[in-house]
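Residue numbers (our numbering), protein chains in the order written: chain A, 318 to 337; chain B, 127 to 404.
Here is the structure we will look at, set down as structure tokens.
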């Protein structure tokens with residue numbers, strides 16, 4: 318899971334507030 | 127599923143496509159054919175116009191010290207800087223593709239690890255397919271259609287930057303002869319994402335079932351939308367083989383860049399995707 322942290326975040330946040 | 131269900135699925139995916147992808151084929155072709163009135167793209171055809179055009183390109187990811195690096199030849203720094211803005215646009219595009227994937231009925235019910243695997247392996251293929259409508263034989267639109275960058279200019283960059291786009295042009299020019307529209311593209315992208323043969327998938331069956339339904343919907347869509355185009359469905363599926371080779375070559379080029387360019391740092395999201403990919 319750690320290896321694909323950002324992809325996990327993108328998939329789980331419906332609003333995608335991940336700071337790209 | 128009956129024909130009405132397949133049409134509803136096609137409509138749903140087309141709507142999601144329009145929602146998440148800002149530059150559609152309709153818009154891109156209008157810009158490329160000069161049908162947008164005064165709104166013509168800025169043309170980058172040499173280093174001077176690249177410098178002038180930089181203000182259009184999203185540069186927010188570039189650390190200040192990178193821009194002011196003195197030890198590098200100015201054009202070398204410019205190439206790296208441009209490469210960095212491409213990376214930030216690609217990362218944003220990965221986010222758009224993720225949102226699109228989540229809108230495919232059944233996708234978010236798949237095992238989360240499988241969702242990650244499907245995206246990891248599918249996203250570069252999707253991005254390359256999505257480049258095709260932005261390209262013609264002479265160049266490509268970038269930066270949401272604000273810029274047209276010539277193929278010759280991309281070819282004139284130093285190695286290996288010069289080798290990055292040429293295979294995509296060759297693929298796109300051929301792909302564009304199939305004349306898919308945005309509603310066809312939406313289904314095709316979903317088919318690519320739902321590939322049950324990606325390495326490391328835990329539960330292949332539900333993925334294959336989802337893909338089969340989308341494939342039926344795509345086949346029907348192409349029959350209705352392109353009644354005179356014989357074997358279009360088969361031709362399109364064949365493109366998926368070419369696509370895998372292009373992605374493999376692309377990833378190898380990026381890996382080479384990482385080794386040879388001291389000053390190159392890869393965006394963390396792209397790093398995640400490309401690590402142990404092919």
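The beta-carbon is built from N, C-alpha and C at its ideal position, and this holds for glycine as well.
Item: Whether residue 390 of chain B touches residue 379 of chain B by CB criterion (8 Å); Value: no
Item: Beta-carbon contacts of residue 458 of chain B that lie in its chain and below 6 Å, excluding the five residues immediately before and after; Value: Residue 458 of chain B cannot be examined here, being either before or after the span of chain B that is shown, 127 to 404.
Item: CB-CB length for residue 346 of chain B against residue 132 of chain B, believed under 8 Å; Value: 5 Å
Item: Partner residues on chain A for residue 394 of chain B, Cβ-Cβ distance less than 7 Å; Value: 323
Item: Neighbour flag for residue 381 of chain B against chain A, beta carbons, 8 Å; Value: no
Item: Assigned secondary structure, residue 266 of chain B (DSSP; H/G/I helix, E/B strand, else coil); Value: strand
Item: Nearest-angstrom beta carbon gap, residue 259 of chain B and residue 365 of chain B [assumed within contact, 8 Å]; Value: That belief does not hold up - the Cβ atoms of residue 365 of chain B and residue 259 of chain B are roughly 14 Å apart, past 8 Å.
Item: The region 243-250 of chain B touching the region 156-175 of chain B, judged by at least three CB pairs closer than 8 Å; Value: no
Item: Proximal residues of chain A, C-beta to C-beta of residue 241 of chain B below 7 Å; Value: 328
Item: Backbone secondary structure at residue 135 of chain B - three-state DSSP; Value: helix
Item: Continuous alpha helix (DSSP H) stretch holding residue 319 of chain B: start and end; Value: 308-319
Item: Residue nearest to residue 146 of chain B in terms of C-alpha spacing, selected from B:343, B:312, B:333; Value: B:312
Item: Limits of the alpha helix (DSSP H) - the one that residue 243 of chain B falls within; Value: 238-257
Item: Residues bridged to residue 297 of chain B [DSSP beta-bridge criterion]; Value: Paired residues: none, contrary to the question.
Item: Within 8 Å, strictly: CB atoms of residue 335 of chain B and residue 328 of chain A; Value: no
Item: 8 Å Cβ cutoff met for residue 337 of chain B and residue 322 of chain B; Value: yes
Item: Residues near residue 276 of chain B in its chain [Cβ-Cβ closer than 8 Å; skip 5 each side]; Value: 169, 170, 171, 264, 265
Item: Cβ pair residue 316 of chain B, residue 206 of chain B closer than 8 Å; Value: no
Item: Cβ shell of residue 257 of chain B (< 8 Å), same chain only, five flanking positions each side left out; Value: 266, 294, 298
Item: Residue 213 of chain B, buried or exposed, once every other Cβ within 10 Å from all chains shown has been counted against 16; Value: buried
Item: Contact test: residue 286 of chain B Cβ vs the ligand SAH heavy atom, cutoff 7 Å; Value: This structure simply doesn't include the ligand SAH, nor any ligand for that matter.
Item: In DSSP terms, what residue 168 of chain B is bridged to; Value: B:273
Item: Alpha-carbon to alpha-carbon, residue 351 of chain B and residue 135 of chain B; Value: 15 Å
Item: C-beta neighbour in chain A for residue 398 of chain B, strict 8 Å; Value: yes
Item: Residue 261 of chain B, DSSP secondary structure in three states; Value: strand
Item: Reduced DSSP category for residue 325 of chain B - H, G, I as helix; E, B as strand; rest coil; Value: coil
Item: Closest by C-alpha distance to residue 74 of chain B, when choosing among B:392, B:400, B:398, B:300; Value: Residue 74 of chain B lies beyond the stretch modelled for chain B, which goes from 127 to 404, so this question has no answer here.
Item: CB contact below 8 Å: residue 246 of chain B versus chain A; Value: yes
Item: Segments assigned beta strand (DSSP E), at least 3 residues, entirely inside the region 359-391 of chain B; Value: none
Item: Nonlocal neighbours in the same chain, by C-beta distance under 7 Å from residue 310 of chain B, ignoring five residues either side; Value: 347, 348, 351
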